[in-house]
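Numbering of the sequence shown is given in the working numbering, commencing with residue 50 and proceeding in unit increments. Report on the structure given below.
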Amino acid sequence: MLEKMFKLKENNTTVKTEVLAGITTFMTMAYILAVNPNLLSAAGMDSEAVLIATCLASFVGTLAMALMANYPFALAPGMGLNAYFAYTVCGSMGYSWKVALIAVFVEGLIFIVLSLTNVREAIFNAIPATLKKGVSAGIGLFIAFIGLQGAHIVVNSDSTLLTYVDFAGNWHTEGICAVLALIGLIITVVLYVKGIKGSILIGIIATWVLGMICQAAGIYTIDAENGFYSLYPTFALTDFTSIGKTFGQCFTADFDGVGVFNFIVVLLSFLFVDMFDTIGTLIGVSDKAGMLDEEGKLPRIKPALLADAIATSVGAVFGTSTTTTYVESSAGVGAGARTGLASVVTGFLFLIAILFAPIFTAIPGFATAPALIFVGFLMVSAIIKVDFEDITEAVPAYLCLIAMPLMYSIAEGIAIGVISYVVINLICGKAKKITPLMYVLAVLFVLKYIFL
Numbered sequence: 050m051l052e053k054m055f056k057l058k059e060n061n062t063t064v065k066t067e068v069l070a071g072i073t074t075f076m077t078m079a080y081i082l083a084v085n086p087n088l089l090s091a092a093g094m095d096s097e098a099v100l101i102a103t104c105l106a107s108f109v110g111t112l113a114m115a116l117m118a119n120y121p122f123a124l125a126p127g128m129g130l131n132a133y134f135a136y137t138v139c140g141s142m143g144y145s146w147k148v149a150l151i152a153v154f155v156e157g158l159i160f161i162v163l164s165l166t167n168v169r170e171a172i173f174n175a176i177p178a179t180l181k182k183g184v185s186a187g188i189g190l191f192i193a194f195i196g197l198q199g200a201h202i203v204v205n206s207d208s209t210l211l212t213y214v215d216f217a218g219n220w221h222t223e224g225i226c227a228v229l230a231l232i233g234l235i236i237t238v239v240l241y242v243k244g245i246k247g248s249i250l251i252g253i254i255a256t257w258v259l260g261m262i263c264q265a266a267g268i269y270t271i272d273a274e275n276g277f278y279s280l281y282p283t284f285a286l287t288d289f290t291s292i293g294k295t296f297g298q299c300f301t302a303d304f305d306g307v308g309v310f311n312f313i314v315v316l317l318s319f320l321f322v323d324m325f326d327t328i329g330t331l332i333g334v335s336d337k338a339g340m341l342d343e344e345g346k347l348p349r350i351k352p353a354l355l356a357d358a359i360a361t362s363v364g365a366v367f368g369t370s371t372t373t374t375y376v377e378s379s380a381g382v383g384a385g386a387r388t389g390l391a392s393v394v395t396g397f398l399f400l401i402a403i404l405f406a407p408i409f410t411a412i413p414g415f416a417t418a419p420a421l422i423f424v425g426f427l428m429v430s431a432i433i434k435v436d437f438e439d440i441t442e443a444v445p446a447y448l449c450l451i452a453m454p455l456m457y458s459i460a461e462g463i464a465i466g467v468i469s470y471v472v473i474n475l476i477c478g479k480a481k482k483i484t485p486l487m488y489v490l491a492v493l494f495v496l497k498y499i500f501l
């Protein structure tokens with residue numbers, strides 16, 4: 050049955066590989082179970098209700114991706130989008146979280162229409178092959194950067210913005226976390242080189258176990274005020290009745306004092322970032338998995354985009370910010386995932402997480418960091434396929450690559466890449482290779498920077 054449903058042999062994979070890869074993807078994404086409730090509670094939402102909504106939205110979205118498109122892509126409430134939801138829309142703009150949720154819900158409906166009418170597919174296909182390589186490599190740097198931060202190897206600095214951790218000054222917190230992450234990275238690389246199945250997942254678990262040993266020995270100390278919690282999972286159950294505090298609340302939003310124009314601005318902001326975050330992730334992960342055809346197109350992209358759109362609206366009804374395709378899916382792809390079976394595993398783990406969320410939220414950032422750093426290496430290799438002899442092709446890909454980690458956004462990287470591609474080729478007399486839709490995208494990106 051699994052062979053017939055997911056075409057495992059056709060995709061050169063096995064049930065064991067897909068299951069391990071699905072678990073790997075979940076482990077690298079599990080941090081969202083702790084982060085999303087924490088962020089959205091700043092908007093006035095009940096954190097436990099948001100936790101349940103996060104699990105449900107991730108389950109529905111990931112399962113939809115598996116069954117509709119048969120791709121190993123997982124979905125969850127997007128980072129960045131949840132911060133924009135809490136701190137910009139509900140914070141500086143002063144709107145209620147119910148208004149923000151209805152904006153997310155409407156955004157999802159618009160995406161469903163755009164997915165059914167081939168608009169999103171056309172945008173995906175309009176991006177030149179060289180730029181897609183830049184996107185893939187840029188995402189590699191981006192997730193590696195996320196891993197370095199999660200490991201506390203890279204930390205904030207007043208003088209240089211970023212620097213490496215002060216091992217001696219913060220040894221029992223940041224210092225030991227950074228060392229454990231580096232050890233985990235070595236374990237992961239060695240296992241991967243030796244061809245051990247599930248090497249990335251083993252690396253995550255081994256790093257976590259080493260952390261617990263360090264906590265028991267007093268090398269790692271708890272400092273909850275600064276974000277260093279116990280590494281031991283707790284076995285508490287979730288209060289299911291709390292979901293009633295967010296479920297369907299988007300339909301009870303009070304629009305007094307909001308205004309049509311302000312609502313449209315909020316809606317377009319969600320719409321824009323979500324669209325290009327999703328497209329960028331699909332490009333990067335599918336390129337790494339070898340799923341793009343000779344023309345750089347992704348087969349079955351329409352159902353993949355439709356699953357993403359449905360997840361956005363469903364997530365808003367449950368009570369969470371925009372649900373989108375996750376770049377951490379690349380960890381599963383790096384572990385061998387090639388079909389929707391891996392996504393089914395990931396999706397059901399999110400469902401199970403409702404029961405045992407405290408266990409999964411105990412997975413520390415330094416334990417998942419080796420997976421992200423190593424998968425970032427695997428993805429950045431796409432840059433060697435860029436023709437560096439053709440400056441009009443190479444520079445936009447390069448700008449896209451460096452913009453993603455430095456601007457901390459996949460969408461911004463694509464924007465910089467598209468604008469530079471159009472401008473450089475137009476001025477250099479190579480307008481013939483620019484498609485009409487690329488012109489449209491470039492103009493829209495410029496307008497976005499002006500008005501949004």
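Think of the CB as a built atom: it goes at the ideal place given N, C-alpha and C, for glycine as much as any other residue.
Subject >> Inter-residue spacing [alpha-carbon to alpha-carbon] between residue 180 and residue 345 >> reply: 10 Å
Original post:
Which value, in whole angstroms, describes the spacing of the CA atoms of residue 468 and residue 452?
Top reply: Here the C-alpha atom of residue 468 lies approximately 12 Å from the C-alpha atom of residue 452.
Original post:
If you run the structure through DSSP and keep just helix, strand and coil, what is residue 354?
Top reply: Three-state DSSP puts residue 354 in a helix.
Subject >> Bounding residues of the alpha helix (DSSP H) (the contiguous stretch that carries residue 241) >> reply: 225 to 242
Subject >> Beta-bridge pairing of residue 277 - partner residues as DSSP gives them >> reply: When beta bridges are read from the DSSP output, residue 277 appears opposite 272.
Original post:
What's the C-alpha gap between residue 226 and residue 415?
Top reply: Note on geometry: alpha-carbon atoms of residue 226 and residue 415 lie some 6 Å from one another.
**OP:** Alpha carbon to alpha carbon, how far is residue 395 from residue 82? Give it in angstroms, no decimals.
**Re:** 13 Å
Original post:
Which class does residue 330 belong to by DSSP, given the choice of helix, strand or coil?
Top reply: Looking at residue 330 - three-state DSSP - the assignment turns out to be helix.
**OP:** If I'm right that residue 457 touches residue 78 with Cβ under 8 Å, what's the distance once you round it to whole angstroms?
**Re:** With a Cβ gap of about 18 Å, residue 457 and residue 78 do not count as contacting.
Original post:
Is residue 206 helix, strand or coil by DSSP?
Top reply: strand
**OP:** Give the straight-line distance between the Cα atoms of residue 64 and residue 423, rounded to the nearest whole angstrom.
**Re:** 24 Å
Original post:
Candidates 96, 161, 425, 349: which alpha carbon is nearest residue 288's?
Top reply: 96
**OP:** Give the range of the alpha helix (DSSP H) segment to which residue 152 is assigned.
**Re:** 146 to 165
Subject >> Spatially closest choice to residue 325 from 253, 349, 358, 155, by CA coordinates >> reply: 358
Original post:
Does residue 175 have its Cβ less than 8 Å from a Cβ in chain C?
Top reply: The chain labelled as chain C is not found in the depicted structure, where only one protein chain is given.
Original post:
Can you name the start and end residues of the alpha helix (DSSP H) that residue 395 belongs to?
Top reply: 389 to 409
Original post:
In chain order, what residues of the same chain have a beta carbon less than 6 Å from the beta carbon of residue 42, not counting five sequence neighbours either side?
Top reply: The requested residue 42 is not part of the displayed model; the chain covers only 50 to 501.
Subject >> Separation of residue 170 from residue 487, as counted between CA atoms >> reply: Roughly 13 Å between the two C-alpha positions.
Original post:
DSSP puts residue 125 in a beta bridge; with which residues?
Top reply: 373
**OP:** With DSSP as the reference, label residue 341 as helix, strand or coil.
**Re:** In this structure, residue 341 counts as coil in the three-state DSSP scheme.
Original post:
What is the DSSP secondary structure of residue 320, reduced to helix, strand or coil?
Top reply: helix
Subject >> Of the residues 492, 148, 360, the one placed nearest residue 312, counting alpha carbons only >> reply: 148
Original post:
Going by Cα to Cα distance, which pick from 151, 338, 317, 475 is closest to residue 385?
Top reply: 338
**OP:** Could you spell out where the alpha helix (DSSP H) holding residue 423 opens and where it closes?
**Re:** 414 to 429
Subject >> For residue 196, the nearest candidate out of 244, 421, 263, 231 (CA to CA) >> reply: Of the candidates 244, 421, 263, 231, the one whose C-alpha sits nearest the C-alpha of residue 196 is 421.
**OP:** Just tell me which of 104, 298, 75, 76 has its CA closest to the CA of residue 86.
**Re:** The alpha carbon of residue 86 has as its nearest neighbour, out of 104, 298, 75, 76, the alpha carbon of 104.
Subject >> Assigned exposure category for residue 205 - 16 Cβ within 10 Å defines buried >> reply: exposed
Original post:
the ligand NAP heavy atoms versus the CB of residue 324: any closer than 7 Å?
Top reply: You won't find the ligand NAP in this model; it holds no ligand whatsoever.
**OP:** Counting only the same chain and skipping the five closest in sequence on each side, list residues whose C-beta sits under 6 Å from that of residue 463.
**Re:** Result list for residue 463: 325, 329, in chain order.
Subject >> Per-residue burial, residue 461 [other beta carbons within 10 Å of its own, 16 or more giving buried] >> reply: buried
Subject >> Best match in 383, 361, 403 for proximity to residue 155 [C-alpha to C-alpha] >> reply: It is 361 whose Cα lies nearest to the Cα of residue 155.
**OP:** Please go through the stretch 437 to 466 and give each complete alpha helix (DSSP H) segment of 4 or more residues, from N-terminal end onward.
**Re:** 440 to 456
**OP:** With residue 136 as the anchor, note down where its alpha helix (DSSP H) starts and where it stops.
**Re:** Secondary structure note for residue 136: it is in no alpha helix (DSSP H), with a DSSP letter that is neither H nor E.
**OP:** Please classify residue 105: does DSSP put it in a helix, a strand, or coil?
**Re:** In the structure shown, residue 105 falls within a helical segment according to DSSP collapsed to helix, strand and coil.
Subject >> For residue 269 and residue 221, believed in contact at Cβ under 8 Å, the rounded distance >> reply: Confirmed, Cβ separation roughly 6 Å.
**OP:** Counting only the same chain and skipping the five closest in sequence on each side, list residues whose C-beta sits under 7 Å from that of residue 425.
**Re:** 189, 190, 192, 193, 196
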